Amino acid sequence: MKSWKKFLGVSLMALSLAITAGCGENSAMSGGSSSASGDTVKVGLLHSLSGTMAISETSVRDAEKLAIQEINDQGGVLGKKIEIVEEDGASDPQIFAEKAKKLLMNDKVATIFGCWTSASRKAVKPVVEGANGLLWYPTQYEGMEQSKNIMYMGAAPNQQIVPAIEYLLKNGRKKMFLVGSDYVFPQTANRIIKAQLKAAGGEVVGEEYTPMGYTDYATIISKIKAANPDVIVNTLNGDSNVAFFKQLKDAGVTAETCPVMSFSIAEEEIKGIGAQNIAGDLVSWDYYQTTKTPANEKFVAAYKKAYGDDRVTDDPIEAAYDAVYLWKAAVEKAGSFDVDKVRAAAGGTSFDAPEGTVKIDGDNQHLYKYVRIGKVNANGLIDEISATDPIKPDPFLKSYPWAEGLSAGSN
Amino acid sequence: MDILTILFNGLSLSSILLLAALGLAITFGLMGIINMAHGEFIMVGAYTTYVVQGILMPALGDGYFFCSILLSFLAAAAFGMLLEVTVIRRLYGRPTDSLLATWGVSLVLQQLARSIFGAPNVNVVAPSFLGGSLTLLGVSMSYKRLFIIGLVLLCLLAVWAFLYHTNFGRKTRACIQNRDMAQCLGIRSKRIDCLTFALGSGLAGIAGCALTLLGSIGPTLGQNYIVDTFMVVVLGGVGKLIGSISGALIIGIASTVFEVGSTASIAKAAVLFLVILFLQKKPQGLFALRSRSLD
Amino acid sequence: MDIKYWLQDKKNLVFLALVAVLLAMPFVLSLFRLTLLGKFICYAIVALGIDLIWGYTGILSLGHGVFFGLGAYAMAMYLKLEACGSALPEFMVTGGLTSLPAFWKPFASFPLAMLAVAGLPLLLALIVGFATFKNRIKGVYFSILSQALAWAFVTIFIGMQAYTGGSNGITGFTTLLGIQLQNPMNLVSFYYFAVAMLVLVYIFCTWLMSRGIGKILIAIRDGENRTYFTGYDSSKYKTFIYCISAVITGVAGAIYVLFAGMISPKELDIAFSVEMVIWVAVGGRGTLIGAVIGALLVNAMKTGISETMPDMWLYFIGMLFVLVVLFMPKGLTGVFVKLYERGKERFPAVRLPFGRRRSASMRGKGAIS
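Chains as they are written, first to last, in numbering that gives the first Met the number 0: chain A, 0 to 410; chain B, 0 to 294; chain C, 0 to 368.
Below, the structure written as structure tokens:
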């Protein structure tokens, strides 16, 4: 039958086309092999450049690029220049997983710097574990996790949340109202806070969660005023913060009578909220643009020179910058780009970071970090009002008796 | 929480929803165009306010805000007109197609905002005379919320006066009720369509300007409102302003009451389910435009 | 269905050629690309489901992500329980649960989970479809309702963190019935399984549309009231096809989880649901081959563009929406059919290979437009 001949022809043609198109890639049947060599080393940057999270993640990406640029100017790592492979996670965990797979399997990058939300990290985790990659994660997070294929550059709960609550209690603010977005970090953070308050004699007078993109806080603010707390503990995320602070200030809740302690607001977010709406409120991070170290002066100047005077630096930006340098230090210590060797060498590696000297804890791959409580000033920057020496990371809060049961049975 | 506070919060939420949905009530309700880019016109209004603030605030102080209301209207209306001429005009009578095309437009506008203003939120400083709140009968009412309630009443009045007391409005209604007949009588329906669509878009711009008082200004601003505004118009019934008003009131007050008793997430989902259920009972919404025609 | 008759439709031959190419792909593509293509094939199956209700019946659903998500979550819940063994999934622990919630328990069994993959979408579609179509909610009202439904589901899935994994979704599976998911050979087998499902669903759809019911559905699309007055209860037919579409979408979602290795509420979202519609629109609504090609093509472009210039993707997909709707209402298939017909007119002497007689669906096509 004629049609069969034609059909065969078409399929053969399409097949040959496909084969030419697929040339150069190792097929699934033959299996992948060998990583790229030469005088460059590839690293992956994986952040959301589109979607709701682009707001925060683009500047983190910028910081990573800045560090890579600086390292390349100084001659690279182990004599090799760093080559960037950039992917867009599009604020979608599933795309993060897919792109991480691409970076590891197709581009064969030596390491990945990326992610922001817990959701994206959880999505990438099985991928880096499966392909034995290495992810450097720049943000503070809810803890209760440890993967041998992830380096956690942000604060663990005992480096941000726990000391902040201790600070509030010490200052006599015992009645707390918890407000957060309805997702994983706020809910886990608030469970930690509730356990801590129960042990330390504080009181939770209200707990509210709002969906992503929520914009009308009238009812929640009325609930806050009715509960009359000493302090509002805020784990809202993204756009919701802007609406919350604008509406809170109009309702007459001032920083003097009832300050807000926020865990997801840094200098970058304050620009969108407006300094006048948040001045006087409290935050808890490991680094501020105003942190006084020689390394920070250089870092802020370089960042502004590269991206414009109106840009600000903040904690996740600094952590992302540190990540690149820590990776470099670990690679140089290991004398190799091999993930297993880098991981083995990483423990104890330190870097003279803008926040002070940070060190990787070999046990759990988190960082020893300084904890700083800050107060937002009228210029939209944050002034440090209390600081600690470097604190050992404790993602599962094992050193706190009250935290028993928070992480029971988790893997 | 006392009942008056709940009532005021509900009323305030209703006014915000109505302001955001008013433009949609015109483009969807009257013209039958599903404009998924409506949220992005709100965003255009918000960014216009941001730009106007940068230029005029040093000279005019707080007065810039009144200029920006006007300019937000004009900017969004201009975008609307452009969209009508290039895309919508070809899609009258193909509502599902107009839905898809305007969805595409909304994606482009979002990315455009990101390219021009950057991904992070920008900040608009609210005029100082709108700061603080008024306490009456134990209810604390912020001036911004009162201002928005006033603004939405003004817009309603203007739209009503326009539709029912101007020559142009009469022609608009004629086109809506019977396009062919209106054309036979010498009404240039294309021009009417274009201007009506621009009016609806312009109202979205005003909403965007007002929303800078309460919320964030970023590329995804419009996405926060799009589902809610459509629910307002559909619940109220397409084709009548009174429908949109009651739709906004019901959704606004119901959301607030649910939220008092439960959480914001549950309230949101519950209101959506209730509207869906209600529409099973009255598919045409609260106030249906009576018609004998089928399809 | 007469196989000879089926083969006479050039569109089906194009489909077979496409399948031949897909079958060869494991020998050509890298493992990562193959997994990606596996996902696209799931999307193509979804596109078939969308085409049934939109292209053939004229119902525009902007909430099909919910069905995709239900199927995918059912699968993911099973995989998660298998991965956890006797332990509680970690998001339940951080969410404060101490024992497995009752509604999770059936998902420990593979047959029950597979039943849920098809059953949950079916059940929801039955409820939604029966109510809305019976009440004569149609056109854009249905679209808006389906969108609100998706929105409500996303809010619930994100809000119930301890039960659904919240915005993180469900991740971290390792095995399916003891088979390693990450193992290359197993992924290739999953890939072939997905291709087989695509073929099955495609044949099922062509069969369904060649029956009387296909014609009635087209009649409903082109003039619902007339069909109704002719004596066909249109709401029953619409509910039926809506359920079929939901099941197809749910099954695709379940297979998708094998390739993606996770599921999150993003895959229930409105944006994703609208994207499904655009695949069909680009390929050509009302032709099954168009839906398949559209899904593969748009997603291939999405990957290509977002890898080379991430910022451009939204501009591109946005413009694609507008241009396709304005200038190619019948999508790529429409363009090709037009070119083919024009070629036949211009060179009537040349007898085109299988141009002996216009096949049934081609004749149907004439009636549609």
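All C-beta atoms, glycine included, are put in the ideal place defined by N, C-alpha and C.
Because the structure is a prediction, the values reported are computed rather than measured.
Between the C-alpha atoms of A/Asn233 and A/Ser261 there is a straight-line separation of about 5 Å.
For the stretch 223-234 of chain B, the set of residues with a beta-carbon nearer than 7 Å to any beta-carbon of chain C comprises Val226, Phe229, Met230 and Val233, in chain order. Within the same chain, Cβ atoms closer than 7 Å to the Cβ of A/Ile192 are found at Ile160, Ile164, Leu177 and Val232, the five residues on either side in sequence being excluded. According to the DSSP assignment, A/Ile384 belongs to the beta strand (DSSP E) that extends over Ile381 to Ala386.
The beta carbon of C/Val334 sits no closer than 8 Å to any beta carbon of chain B. B/Val107 is outside the set of residues whose beta carbon lies under 8 Å from a beta carbon in chain A. In the DSSP secondary-structure assignment, A/Arg371 is bridged to A/Trp284 and A/Ala386.
For the alpha helix (DSSP H) assignment, the uninterrupted runs of no fewer than 4 residues enclosed by the stretch 43-122 of chain C are, from N- to C-terminal side, 64-83 and 89-93. Among the residues facing chain C, A/Asn240 is not included, as its CB has no counterpart in that chain under 8 Å away. Neighbours of A/Thr138 across chain B, judged by C-beta separation under 9 Å, do not exist; the nearest C-beta is about 16 Å away.
Annotation: A/Glu207 is outside any alpha helix (DSSP H); the continuous beta strand (DSSP E) that includes it extends over Glu202 to Thr209. Nearest CB-CB separation between A/Thr356 and chain B: not below the 8 Å threshold. The C-alpha of A/Lys197 lies about 17 Å from the C-alpha of A/Pro156. Not a single C-beta of chain B is nearer than 8 Å to the C-beta of C/Leu199. In the DSSP secondary-structure assignment, A/Val357 is bridged to A/Phe350.
Neighbourhood of A/Ala300 in chain B, by CB distance below 7 Å: empty, with the nearest CB roughly 21 Å away. Looking at the DSSP output, B/Ser132 bridges to B/Ser141. In the displayed model, A/Phe395 falls within coil according to three-state DSSP, outside both helix and strand. In the structure shown, the three-state DSSP call for A/Met260 is strand. The beta carbons of A/Gln364 and A/Ile149 sit closer together than 8 Å. Each of A/Val259, A/Glu354, A/Ala225 and A/Gly273 was checked against the Cα of A/Asp280, and the nearest Cα belongs to A/Val259.
Residues Ala181 and Ile186 of the same chain have their beta carbon placed closer than 7 Å to that of B/Ala173, with the five preceding and five following residues left out of the count.
For A/Thr253, no beta strand (DSSP E) run applies, since DSSP gives it neither H nor E. Distances from the alpha-carbon of C/Thr229 to those of C/Lys237, C/Ala218 and C/Thr238 put C/Ala218 closest.
In the structure shown, the three-state DSSP call for A/Lys174 is strand. Cα atoms of A/Met143 and A/Phe395: separation of roughly 5 Å, rounded to the nearest angstrom. Between the alpha carbons of A/Gly201 and A/Lys174 lies a gap of roughly 6 Å.
With fewer than 16 other beta carbons inside 10 angstroms of its own, A/Asn227 counts as exposed. Between A/Ile372 and the set A/Tyr140, A/Asp314 and A/Leu48, the nearest pair of CA atoms involves A/Asp314. Between A/Phe95 and A/Tyr140, the gap from beta carbon to beta carbon reaches 8 Å or more.
For A/Met150, the enclosing beta strand (DSSP E) starts and ends at Ile149 to Tyr151. Around the beta-carbon of C/Cys83, 16 or more other beta-carbon atoms lie within 10 Å, marking it buried. Distance from C/Gly165 to A/Tyr182 at the Cβ level is roughly 5 Å; contact confirmed, criterion being Cβ atoms closer than 8 Å.
Neighbours of C/Asp310 in chain A, taken as residues whose beta carbon is under 9 Å from its own, are Leu48, Ser49 and Asp87 in chain order. Rounded to the nearest whole angstrom, the C-alpha separation of C/Leu80 and B/Ser264 is 27 Å. In this chain, the beta strand (DSSP E) harbouring A/Thr39 covers Thr39 to His46.
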